[in-house]
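Numbering (our numbering), first residue to last: 613 to 746.
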């Protein structure tokens, strides 16, 4: 009987530690891991900077932080319906990692102007990150 209880307890603890991959995309404003059937996004802090990386289904890194975004400034990430990752920062500016459907690779585009309602996906404009958009 003790062995059965121990086995059930071990299985329960193991299932609690596994990450549920049912995130539907959208806003990220906290550190942590976010995943769905296609991507896993890790957001963390390192030496007072925001860091993020995106992994595909195979566990390969397809996007990695390349900007020093201060954790003390306003920031937000947004995964849109086309699997493009928007990086919004009051510190270093805004960018989008666009998925090239023909190659499966992400290409980064920096914005050297204020984003407007017409330059972002509707779901981003309607999100709580709207304050980044003019």
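By construction, the Cβ of each residue, glycine as well, lies at the ideal position given by its N, Cα and C atoms.
Test item: CB-CB of residue 681 and residue 704 under 8 Å = Less than 8 Å divides the Cβ of residue 681 from the Cβ of residue 704.
Cα-Cα separation between residue 660 and residue 654, rounded to whole angstroms | Spanning the two alpha carbons is a distance of roughly 16 Å.
Below 8 Å between beta carbons: does that hold for residue 741 and residue 695?
-> Result no, Cβ atoms of residue 741 and residue 695 do not sit closer than 8 Å.
Measure the alpha-carbon distance for residue 647 versus residue 728 and round it to whole angstroms.
-> Distance between the alpha carbons of residue 647 and residue 728: 28 Å.
So which of 693, 709 and 635 has the shortest CA-CA distance to residue 733?
-> From the listed residues 693, 709 and 635, the smallest Cα separation to residue 733 is found for 693.
CB-CB length for residue 690 against residue 638, believed under 8 Å | About 6 Å separates the two Cβ atoms, so the contact holds.
Got a sec, what are the start and stop residues for the beta strand (DSSP E) residue 664 sits in?
-> It spans 661–667 - the beta strand (DSSP E) in which residue 664 sits, taken as one unbroken run.
Cβ atoms of residue 675 and residue 643: under 8 Å apart, would you say?
-> Residue 643 places its beta carbon 8 Å or farther from that of residue 675.
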